[in-house]
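Participant: As you go down the protein sequences, you meet chains A and B in turn. When we follow numbering that gives the first Met the number 0, the leftmost residue of the first sequence carries the number 0, and every step to the right adds one. When we follow numbering that gives the first Met the number 0, the leftmost residue of the second sequence carries the number 0, and every step to the right adds one.
Protein chains: 2
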Amino acid sequence: MADEALFQFLHSEIIQYINSAETGESENGRCVSKLENMGFRVGQGLIERFTKDTPRFKDELDVMKFICKDFWTSVFKKQIDNLRTNHQGIYVLQDNKFRLLTQLSAGKQYLEHAPKFLAFTCGLVRGALSNLGVKSIVTAEVSVMPACKFQVMIQKI
Amino acid sequence: MADEALFQFLHSEIIQYINSAETGESENGRCVSKLENMGFRVGQGLIERFTKDTPRFKDELDVMKFICKDFWTSVFKKQIDNLRTNHQGIYVLQDNKFRLLTQLSAGKQYLEHAPKFLAFTCGLVRGALSNLGVKSIVTAEVSVMPACKFQVMIQKI
Numbered sequence: 000m001a002d003e004a005l006f007q008f009l010h011s012e013i014i015q016y017i018n019s020a021e022t023g024e025s026e027n028g029r030c031v032s033k034l035e036n037m038g039f040r041v042g043q044g045l046i047e048r049f050t051k052d053t054p055r056f057k058d059e060l061d062v063m064k065f066i067c068k069d070f071w072t073s074v075f076k077k078q079i080d081n082l083r084t085n086h087q088g089i090y091v092l093q094d095n096k097f098r099l100l101t102q103l104s105a106g107k108q109y110l111e112h113a114p115k116f117l118a119f120t121c122g123l124v125r126g127a128l129s130n131l132g133v134k135s136i137v138t139a140e141v142s143v144m145p146a147c148k149f150q151v152m153i154q155k156i
Numbered sequence: 000m001a002d003e004a005l006f007q008f009l010h011s012e013i014i015q016y017i018n019s020a021e022t023g024e025s026e027n028g029r030c031v032s033k034l035e036n037m038g039f040r041v042g043q044g045l046i047e048r049f050t051k052d053t054p055r056f057k058d059e060l061d062v063m064k065f066i067c068k069d070f071w072t073s074v075f076k077k078q079i080d081n082l083r084t085n086h087q088g089i090y091v092l093q094d095n096k097f098r099l100l101t102q103l104s105a106g107k108q109y110l111e112h113a114p115k116f117l118a119f120t121c122g123l124v125r126g127a128l129s130n131l132g133v134k135s136i137v138t139a140e141v142s143v144m145p146a147c148k149f150q151v152m153i154q155k156i
């Protein structure tokens, strides 16, 4: 409980700070991209520790399952609720109660703020995958809060 | 282990980001004060959750003991090693292996960077105390890494 709260509060503070620090025309875009980059580096660091004693992964799907179960649980205290793939390099990770959105009110008028609350996590997933040798583009989308979907597009090298 | 790492990585990212965002003459001072303010708000939020089911504190010393034991353990996974007071409103909290300094190399040439790594925690303590009705000024000092002392000066109202 305590750890959860610490992460959540810190995450909100970062969003607020970056949001106020990045001023200019494309402020919103820059804020999101800064958060994404921050998430990327944290994801790289975390996955390195988490997989220290993990046996080698069989394939891409095996890596994705690890992200959905072990990685998600250690960061967000729950697993991803649903993982889908088209078996052609696109994976959709659905979290029905995404922890970093539960602080936001569910009203539709807040939907426009959702990207700021998802950017760090998109980066987190991209960074974790990157350190496992999987290059990807990660985007997120919210339809009804606090549920959201992360789409991972694997970049073939 | 995972939670610890998440907090540590996030904390480093914030320092780096704020450090690069705050440019100008008094950049170092502003960076430290931004971090302190961030810690203050996080401390306020955290203590509210931690003390939800805690009985009322007897006195100031009782509050300080709670900070040194329960609060410190939940954030830093260890207790404060030594608590001293002059019984006139000054408390010194010593942590012999402060978690947010263990990432820094122990060389003396890195001592000048220590304030950035302590500012958030100074604010954290000040925020927690503030929400418990104790107004204070919190400063920190490092002599030999990764040991450090936090000095709490109670402000009588």
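We put the beta carbon where it would ideally sit given N, CA and C, even for glycine.
Name, going along the chain, the residues of the region 100–127 of chain B whose beta-carbon falls closer than 7 Å to a beta-carbon of chain A.
Facilitator: Hits within the stretch: zero.
Participant: Give the straight-line distance between the Cα atoms of Ser19 (chain A) and Pro54 (chain A), rounded to the nearest whole angstrom.
Facilitator: Here residue 19 (chain A) refers to the residue found at position 20 of the first sequence. Here residue 54 (chain A) refers to the residue found at position 55 of the first sequence. Those two C-alpha atoms are separated by around 43 Å.
Participant: I need the straight-line Cα distance from Trp71 (chain B) to Leu117 (chain B), nearest angstrom please.
Facilitator: Stepping through the second sequence from its first residue, residue 71 (chain B) is reached at position 72. Stepping through the second sequence from its first residue, residue 117 (chain B) is reached at position 118. The alpha-carbon atoms of Trp71 (chain B) and Leu117 (chain B) are separated by roughly 14 Å.
Participant: Just how far apart, CA to CA, sit Val74 (chain B) and Gln87 (chain A)?
Facilitator: By one-based count along the second sequence, residue 74 (chain B) stands at place 75. By one-based count along the first sequence, residue 87 (chain A) stands at place 88. In a straight line, the C-alpha of Val74 (chain B) is about 43 Å away from that of Gln87 (chain A).
Participant: Quick check on DSSP: helix, strand or coil for Met152 (chain A)?
Facilitator: As a position in the first sequence, residue 152 (chain A) is number 153, starting the count at 1. DSSP places Met152 (chain A) in strand when its eight states are reduced to three.
Participant: Can you list the residues of chain A that Met37 (chain B) reaches, using a CB-CB cut of under 7 Å?
Facilitator: The count along the second sequence starts at 1 and reaches residue 37 (chain B) at position 38. Under the 7 Å cutoff, chain A gives Glu12, Tyr16.
Participant: In its own chain, which residues sit with a C-beta less than 8 Å from the C-beta of Val62 (chain B), not counting the 5 before and 5 after it?
Facilitator: One-based indexing of the second sequence puts residue 62 (chain B) at position 63. Taken in chain order, the residues that qualify are Phe56, Leu128, Leu131, Val133.
Participant: Name the chain A residues that come within less than 8 Å of Gly44 (chain B), Cβ to Cβ?
Facilitator: For this step, residue 44 (chain B) is matched to residue 45 along the second sequence. Chain A residues near Gly44 (chain B): Ala4, Phe8.
Participant: Give the single residue among B:Glu12, B:Ser32, B:Gly28 whose Cα lies nearest to the Cα of Lys33 (chain A).
Facilitator: Stepping through the first sequence from its first residue, residue 33 (chain A) is reached at position 34. Here the closest residue by C-alpha is B:Glu12.
Participant: Are Leu123 (chain A) and Gly42 (chain A) close, meaning C-beta to C-beta below 7 Å?
Facilitator: As a first step, residue 123 (chain A) is located in the first sequence; it is residue number 124 there, counting from the start. As a first step, residue 42 (chain A) is located in the first sequence; it is residue number 43 there, counting from the start. Cβ atoms of Leu123 (chain A) and Gly42 (chain A): closer than 7 Å.
Participant: Could you tell me whether the Cβ of Val41 (chain B) comes closer than 7 Å to any Cβ of chain A?
Facilitator: Numbered from its first residue, the second sequence carries residue 41 (chain B) at position 42. Yes, its Cβ sits closer than 7 Å to a Cβ of chain A.
Participant: Quick one: does Arg48 (chain A) have its CB under 7 Å from some CB of chain B?
Facilitator: Position 49 of the first sequence, counting from 1, holds the residue named residue 48 (chain A). Closer than 7 Å: yes.
Participant: Taking the alpha-carbon positions, what's the Ile79 (chain A) to Phe65 (chain A) distance?
Facilitator: Within the first sequence, the letter at position 80 stands for residue 79 (chain A). Within the first sequence, the letter at position 66 stands for residue 65 (chain A). Ile79 (chain A) and Phe65 (chain A): Cα-Cα distance of roughly 10 Å.
Participant: Which value, in whole angstroms, describes the spacing of the CA atoms of Phe119 (chain A) and Cys67 (chain B)?
Facilitator: Taking the first residue of the first sequence as position 1, residue 119 (chain A) is located at position 120. Taking the first residue of the second sequence as position 1, residue 67 (chain B) is located at position 68. Going by the C-alpha atoms only, they are around 32 Å apart.
Participant: If the cut is a Cβ gap below 7 Å, which residues of chain B does Val74 (chain A) touch?
Facilitator: Position 75 of the first sequence holds residue 74 (chain A). Residues of chain B passing the Cβ test: Leu5.
Participant: Just to confirm before moving on: does the CB-CB distance between Cys121 (chain A) and Glu35 (chain A) stay below 7 Å?
Facilitator: For this step, residue 121 (chain A) is matched to residue 122 along the first sequence. For this step, residue 35 (chain A) is matched to residue 36 along the first sequence. Yes, they are a contact pair.
Participant: If you run the structure through DSSP and keep just helix, strand and coil, what is Val143 (chain B)?
Facilitator: As a first step, residue 143 (chain B) is located in the second sequence; it is residue number 144 there, counting from the start. If DSSP states are grouped into helix, strand and coil, Val143 (chain B) belongs with coil.
Participant: Tell me, please, whether the CB atom of Ala139 (chain A) is closer than 7 Å to any CB atom in chain B?
Facilitator: Counting from one through the first sequence, the residue named residue 139 (chain A) turns up at place 140. For Ala139 (chain A), the answer is no, since every Cβ of chain B falls outside 7 Å of its Cβ.
Participant: Measure the C-alpha to C-alpha separation of Ile89 (chain A) and Asp58 (chain A) and round it to an integer number of angstroms.
Facilitator: Here the question's residue 89 (chain A) lines up with position 90 in the first sequence. Here the question's residue 58 (chain A) lines up with position 59 in the first sequence. Roughly 14 Å between the two C-alpha positions.
Participant: Which word fits Val143 (chain B), buried or exposed, when buried means at least 16 other C-beta atoms lie within 10 angstroms of its C-beta?
Facilitator: Residue 143 (chain B) sits at position 144 when you count from the first residue of the second sequence. Answer is exposed; the Cβ neighbour count stays below 16.
Participant: Residues of chain B with a CB under 7 Å from the CB of Leu20 (chain A): which are they?
Facilitator: In the first sequence, residue 20 (chain A) corresponds to position 21, counting from 1. The sequence shown places Ala at residue 20 (chain A), not Leu. Residues of chain B passing the Cβ test: Ala20.
Participant: Compute the distance between the beta-carbons of Leu45 (chain A) and Ala4 (chain B), then report whether it is under 7 Å.
Facilitator: As a working mapping, residue 45 (chain A) is identified with position 46 in the first sequence. As a working mapping, residue 4 (chain B) is identified with position 5 in the second sequence. Against a cut-off of 7 Å, the Cβ pair of Ala4 (chain B) and Leu45 (chain A) comes out as a contact.
Participant: What are the residues that DSSP puts in a beta bridge with Asp52 (chain B)?
Facilitator: What you label residue 52 (chain B) is simply residue 53 of the second sequence in a count that begins at 1. In the DSSP output, where bridge partners are listed per residue, Asp52 (chain B) has none listed.
Participant: Give the secondary structure of Ser11 (chain B) by DSSP, where H, G and I count as helix, E and B as strand, and everything else as coil.
Facilitator: One-based indexing of the second sequence puts residue 11 (chain B) at position 12. Three-state DSSP puts Ser11 (chain B) in a helix.
Participant: Report the CB separation of Arg48 (chain B) from Lys76 (chain B) in whole angstroms; it is logged as a contact under 8 Å.
Facilitator: Mapped onto the second sequence, residue 48 (chain B) falls at position 49. Mapped onto the second sequence, residue 76 (chain B) falls at position 77. 17 Å between Cβ atoms; not a contact.
Participant: Look at Pro145 (chain A) and Lys96 (chain A) and say whether their C-beta atoms are less than 7 Å apart.
Facilitator: One-based indexing of the first sequence puts residue 145 (chain A) at position 146. One-based indexing of the first sequence puts residue 96 (chain A) at position 97. Yes.
Participant: What's the C-alpha gap between Lys155 (chain B) and Thr84 (chain B)?
Facilitator: Along the second sequence, one-based indexing puts residue 155 (chain B) at 156. Along the second sequence, one-based indexing puts residue 84 (chain B) at 85. When rounded, the distance between both Cα atoms is 16 Å.
Participant: Could you give the residue range of the beta strand (DSSP E) that holds Leu82 (chain A)?
Facilitator: Against the first sequence, residue 82 (chain A) aligns to sequence position 83. Counting along the chain, the beta strand (DSSP E) containing Leu82 (chain A) begins and ends at 81–84.
Participant: Need the endpoints of the beta strand (DSSP E) that Leu92 (chain B) sits in, please.
Facilitator: To locate residue 92 (chain B), count along the second sequence from 1; it is residue 93. Element bounds for Leu92 (chain B): 89–94.
Participant: Give the secondary structure of Leu137 (chain B) by DSSP, where H, G and I count as helix, E and B as strand, and everything else as coil.
Facilitator: Working through the second sequence from its first residue, we reach residue 137 (chain B) at position 138. Just to set this straight, residue 137 (chain B) is Val in the shown sequence, not Leu. Strand, per DSSP.
Participant: Would Met152 (chain B) be called buried (16 or more neighbouring beta carbons within 10 Å of its own) or exposed?
Facilitator: As a position in the second sequence, residue 152 (chain B) is number 153, starting the count at 1. It is exposed - the Cβ of Met152 (chain B) has fewer than 16 other Cβ atoms within 10 Å.
Participant: Alpha carbons only, please: which of A:His10, A:Phe6, A:Cys30, A:Val91 is nearest the one belonging to Ser135 (chain A)?
Facilitator: Residue mapping note: residue 135 (chain A) aligns to position 136 of the first sequence, counting from 1. Nearest of A:His10, A:Phe6, A:Cys30, A:Val91 to Ser135 (chain A), Cα basis: A:Val91.
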